[in-house]
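For what it's worth, UniProt numbering labels the leading residue of the sequence shown as 1, then goes sequentially. Working notes, beginning with the structure itself.
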Amino acid sequence: MTRSGRADYGRDMHAITTREPGGPEVLEWTEVPDPEPGPGEVLLDVAATAVNRADLLQRQGFYPPPPGASEVIGLECSGTVAALGEGVTGWRVGDEVCALLAGGGYAERVAVPAAQLLPVPAGVDLVTAASLPEVACTVWSNVVMLAGLGKGDVLLVHGGSGGVGTHAIQVGRALGATVAVTAGSAERLARCRELGADIAINYREQDFVEEVRGATGGHGADVVLDNMGAKYLARNVDVLATDGHLVVIGMQGGRKAELDLGKLLPKRGSVSAVGLRGRPVDGPNGKAEIVADVRARLWPLIESGTVRPVVHEVLPVRRAGDAHRALDAGGVFGKLVLRVR
């Protein structure tokens, strides 16, 4: 049984669907069944969602949702609580929230485990809040909870101008780390510096290993947050400091590469390849644990303005195809948000 504050609860809704795997043109705004919150879940009226690179892969047929998750694209959203599933406490119908999703964000409504909800941070509007859950949980779980970044450490962020990158710069800075970033133009690097990057490296013209080691007196990077995968693996090991931790969160540069253990062992280095979408809700390192830590330790930094959302543009959800084209073209700084309501 659910507790609902909506007169139209249970009717069909609209969502962006894919008629077949392919380019942005396969995205369509169509009528689909209304989701129903199960035990421990909350139904949201979606105000906005945000575009992530994983969405492009799912559209192409390369990144299916985990078992039981919505087939609708979208890994995060903001909105208003419309109904509570059985056993849900701590939330009320009408609460404004944002949420980490396993799918379903590009829609008018979505059902989500209550443990994956976050209150909209003070000082952030409801639409902008849609840009936060995925980057916040990705960066915090990997850079802080897993790799243990702290004051005085050196953090290297690849793709510093992207959604994850712009957030990671600010988190690193807030924690007292020296932050190095790679990006593909002087303009993008200048904007990364405005967010708090100390070392700005044009990957088209400079060797990030030489630049980071040179700027840190040969120390290197204590934590590397990498979205490239195979292409950067060898050089990421080279740039690691003693006891350093390389965290791979993407494969834009390929899936397979050779790992030289002869270089990694003397450094006592660690390499982790970590995904967020497929994690269970509960249990050690589950989404509930991550979201709780984000709320307790990162949300105060956002509410104080120390870490702020970086939104490139807000588009209506019916223009999801245009948003996918823009992200694929590489001209986006920060996040693209899709307004649903």
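We put the beta carbon where it would ideally sit given N, CA and C, even for glycine.
- Going by beta carbons, Thr166 and Leu146 fall outside the 8 Å limit.
- Residue pairing by DSSP places Thr18 opposite Leu27 in a beta bridge.
- Per the Cβ contact rule, the segment 242-250 is in contact with the segment 270-285 (3 or more Cβ pairs under 8 Å).
- Annotated three-state conformation of His158 is coil, per DSSP.
- Distance from the CA of Gly254 to the CA of Leu301, rounded to the nearest whole angstrom, comes to 34 Å.
- Per the C-alpha coordinates, the member of Gly321, Pro121, Val337, Glu210 positioned closest to Leu298 is Pro121.
- With fewer than 16 other CB atoms across the displayed protein chains lying within 10 angstroms of its CB, Thr30 is exposed.
- It is roughly 42 Å from the alpha-carbon of Gly22 to the alpha-carbon of Gly262.
- Residue burial annotation: Gln116 is buried, with at least 16 other C-beta atoms found within 10 angstroms of its C-beta.
- Fewer than three beta-carbon pairs drawn from the segment 316-326 and the segment 35-43 are found closer than 8 Å, and the two stretches are therefore not classed as touching.
- In the DSSP assignment, Glu86 falls outside any beta strand (DSSP E) and carries neither an H nor an E.
- Looking only at Val223, Cys98, Tyr232, the smallest Cα-Cα distance to Asp153 is reached by Val223.
- CA-CA distance, Gly85 to Ser185, rounds to 48 Å.
- For the alpha helix (DSSP H) assignment, the uninterrupted runs of no fewer than 4 residues enclosed by the segment 118-161 are, from N- to C-terminal side, 133-139.
- By the Cβ test, the segment 71-81 is in contact with the segment 101-109, since at least three Cβ pairs between them sit closer than 8 Å.
- Inside the segment 194-278, DSSP marks whole beta strand (DSSP E) runs of 3 or more residues at positions 199-202, 221-226, 240-248, 270-273, from first to last along the chain.
- Per the coordinates, the alpha-carbon of Val164 lies some 14 Å from the alpha-carbon of Ala197.
- Annotation for Pro113: the continuous beta strand (DSSP E) segment containing it runs 109-113.
- For His219, the closest alpha carbon among the candidates Leu155, Ile201, Asp207 is that of Leu155.
- With respect to the C-alpha of Lys335, the residue from Ser141, Asn52, Thr18, Val294 having the closest C-alpha is Asn52.
- Relative to the Cα of Pro113, the nearest Cα in the group Pro284, Gly214, Pro280 belongs to Pro280.
- For Asn285, the number of other beta carbons within 10 angstroms of its own is below 16, and it is reported as exposed.
- Taking 8 Å as the upper bound for CB-CB distance, Ser131 and Pro266 are not in contact here, some 41 Å apart.
- DSSP places Ala180 inside the beta strand (DSSP E), whose first and last residues are 178-183.
- Taking C-beta atoms under 8 Å as the contact rule, Gly79 and Asp45 qualify, at a distance of about 5 Å.
- Ile169 is the residue among Ala221, Ile169, Leu149, Gln58 whose C-alpha sits nearest the C-alpha of Phe333.
- Annotation for Cys192: Gly160, Ser161, Ile169, Val181, Ala183, Ala200 place their beta carbon closer than 7 Å to its own, counting only its chain and skipping 5 residues before and after.
- Judged by DSSP secondary structure, Ala47 falls within the beta strand (DSSP E) whose first and last residues are 41-51.
- Counting every other CB atom within 10 Å of its CB across the protein chains shown gives Glu258 a total below 16, marking it as exposed.
- Gly105 is not bridged by DSSP to any residue.
- Here Gln206 is exposed: its Cβ has fewer than 16 other Cβ atoms, across all protein chains shown, within 10 Å.
- When the Cα atoms are used, Glu313 and Val291 turn out to be separated by approximately 26 Å.
- Cα atoms of Arg59 and Gly87: separation of roughly 34 Å, rounded to the nearest angstrom.
- Contact annotation: Leu118 and Ala99 have beta-carbon atoms nearer than 8 Å.
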